[in-house]
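Take 88 as the starting number for the sequence shown in this note's numbering and just add one per residue.
Backbone N, C-alpha and C define an ideal beta-carbon position, used for all residues, glycine too.
Bear in mind the structure is a predicted one, so any value in this text is a computation, not a measurement.
Structure first, then comments.
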Amino acid sequence: MVVRVAQRSCKSGAERVVVAADDARIVAACEAHGVEALLTRTHHASGSDRLAEACVQLGLADDEIVVNVQGDEPLIDPSLIDAVAQTLASHSDAAMSTAAHAIDSLEDFLNPNVVKTVLDARGNALYFSRAPIPWWRDGFAKHGPTALPDAPAPLRHIGIYGYRAGFVRQFPALPPAPVEATEALEQLRAQWHGYRIAVHVSTHAPGPGIDTPEDLARVRALFAL
């Protein structure tokens with residue numbers, strides 16, 4: 088699966104695609120398929136920590152843009168990778184970038200496993216939450232949560248991140264934010280410390296990721312078509 092993610096990533100405009108893994112078997116599998124890979128330490132608390140080590144190993148300059156694609160996204164759209172990188176490049180005041188798309192389902196809006204975000208006028212994230220935001224006060228007070236807010240349209244966060252290499256090397260040293268633990272959302276640490284996160288709003292939902300055995304079966308079926 089990781090090899091498929093890397094192969095999809097290679098179809099983006101990235102100058103270089105590298106898999107960072109803590110298991111030598113993954114590195115060997117990647118190299119067997121012609122994918123560049125490096126071995127990291129095993130004790131990293133998060134993907135951001137692993138990415139920070141990879142940036143050090145690769146000797147990346149502070150201003151180089153790195154996009155972190157999760158290894159369980161074999162259907163990642165290469166154009167989304169490009170958009171996240173371009174969004175960060177065009178927001179010189181942002182330390183990170185990510186992506187979102189419009190929610191069209193009330194079920195998703197109310198689902199705490201679907202992370203929502205609200206943006207400011209410049210396209211930076213004001214906040215990320217598992218709660219339904221923005222909360223339609225007047226509409227929900229009158230009818231209950233039976234329809235989606237009209238404006239602004241609620242946005243679902245897509246778990247892909249762009250960083251400047253200098254920032255991602257600093258990120259693991261930032262003290263965790265109380266709200267980060269409450270929401271279980273690592274990106275809130277950056278916001279809590281005053282860093283901006285620029286958001287690309289995609290016109291379509293991303294392909295399904297793999298979080299369960301059922302997800303894996305569905306994606307395998309898609310590849311078998």
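For residue i, the first and last residue of its enclosing alpha helix (DSSP H)
i       : result
Leu-206 : It is not in any alpha helix (DSSP H) - Leu-206 instead sits in the beta strand (DSSP E) that spans 203–206.
Ile-55  : As displayed, the chain neither begins before 88 nor continues past 312, which places residue 55 out of reach and without an answer.
Cys-142 : 134–145
Leu-313 : Outside the shown range of the chain, which is 88 to 312, sits residue 313, and nothing can be said about it.
Pro-265 : 265–270
Phe-196 : 193–197
Ser-96  : 89–96
Residues of its chain near residue i, where Cβ-Cβ distance is below 7 Å and the 5 sequence neighbours each way are ignored
i       : result
Asp-149 : Arg-251, Ala-252, Gly-253
Ala-139 : Val-255, Arg-256, Phe-258, Pro-259
Close-in-space but distant-in-sequence residues of the same chain around residue i (CB under 6 Å, 5 per side omitted)
i       : result
Asp-207 : Leu-213
Glu-151 : Ala-252
Ile-220 : Lys-203, Val-205
Leu-272 : Phe-215
Ser-289 : Ala-186, His-188
DSSP beta-bridge partners of residue i
i       : result
Arg-251 : Ile-152
His-287 : Ala-186
Ala-124 : Val-106
Where the beta strand (DSSP E) containing residue i begins and where it ends
i       : result
Ser-216 : 212–216
Residue i (DSSP reduced to helix, strand or coil)
i       : result
Arg-243 : strand
Leu-312 : Residue placement at Leu-312 is poorly supported in this model, since its pLDDT is 47, which falls under 50; the coordinates still yield a value, given next. Correct three-state label for Leu-312: coil.
Pro-300 : helix
Asp-225 : helix
Pro-259 : helix
Arg-209 : coil
Same chain, Cβ closer than 8 Å to residue i, five either side skipped, listed in chain order
i       : result
Pro-199 : Arg-217, Ala-218
Exercise for the section: Please go through the segment 154–182 and give each complete beta strand (DSSP E) segment of 3 or more residues, from N-terminal end onward. Expected result: none
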